[in-house]
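Student: Before I ask anything, here is the structure I am working with.
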Amino acid sequence: MAPGPGSVPGVGGGCGKGESPGPGTPCFDLRSQQPYPHRHCHPTVAAMAGSFNVPHKTTLPEGIRVGTVLRIRGLVPDKAGRFYVNLLCSEEPGSDAALHFNPRLDESTVVFNTLERGTWGAEERGSGIPFQRGQPFDVLLIATEEGFKAVIADSEYHHFRYRIPPGRVRALEVGGDLQLELVKIF
């Protein structure tokens, strides 16, 4: 079957619930920090799977470069208000955020922004709200030449132009009203 409009060929699979194992490094249960037996990820992928507490932070010591894909998969609880994905420039409190991806179910919108030297930039909003309470979600944040492309449910949702170079990113933080199941970096 051919990919549909806005889909991302070659992105998918991996390790987590319902996915087939493949060669490479193991996937990890974030609670126990132990690898899942018989589950492996692509050799170049850092992945962590399993339902775990938020906020959750993943260190990205080499930063992000063009072509990096960050996959965040989870479930939006029935009474969710908002959740977020931040691409932070350090692990220190108050760090700059090259990307603040903020689905706001309470406002039926998704906000994209940056935080630089303690000041929020101009908000950008995606078209509509592709998240539903009580439903699973799968988000890809892809570093392109011009910015971060957000792909939700296999369709391009929004392209956020860089305001802070992606090479400055050192951590991924996910939090708010969600049940986080997978964080994967290609």
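For this note's numbering, count along the sequence shown from 1 and bump the result up by 24.
By construction, the Cβ of each residue, glycine as well, lies at the ideal position given by its N, Cα and C atoms.
1. With DSSP run on the structure shown, which of helix, strand or coil describes Arg192?
2. State the Cα-Cα distance for the pair Gly171 and Asp162, rounded to the nearest angstrom.
3. Spatial neighbours of Thr83 within its chain, please: C-beta separation below 6 Å, excluding the five flanking residues on both sides.
4. Among the candidates Arg157, Phe210, Arg141, Leu123, whose CA atom is the shortest distance from the CA of Glu131?
5. Between Val90 and Pro101, what straight-line distance do the alpha-carbon atoms span, to the nearest angstrom?
6. From the DSSP output, which residues share a beta bridge with Glu180?
7. Near Lys103, which residues of its chain fall below 6 Å by C-beta distance, leaving aside the five closest residues on each side in sequence?
8. With a cut-off of 8 Å on the beta carbons, I'd call Asn126 and Tyr108 a contact; round off their distance for me.
Tutor: This is what the structure gives:
1. helix
2. 19 Å
3. Ala195
4. Residue Arg157 is the option with its Cα nearest to Glu131.
5. 33 Å
6. Assignment of beta-bridge partners to Glu180 by DSSP yields Val175.
7. none
8. 5 Å
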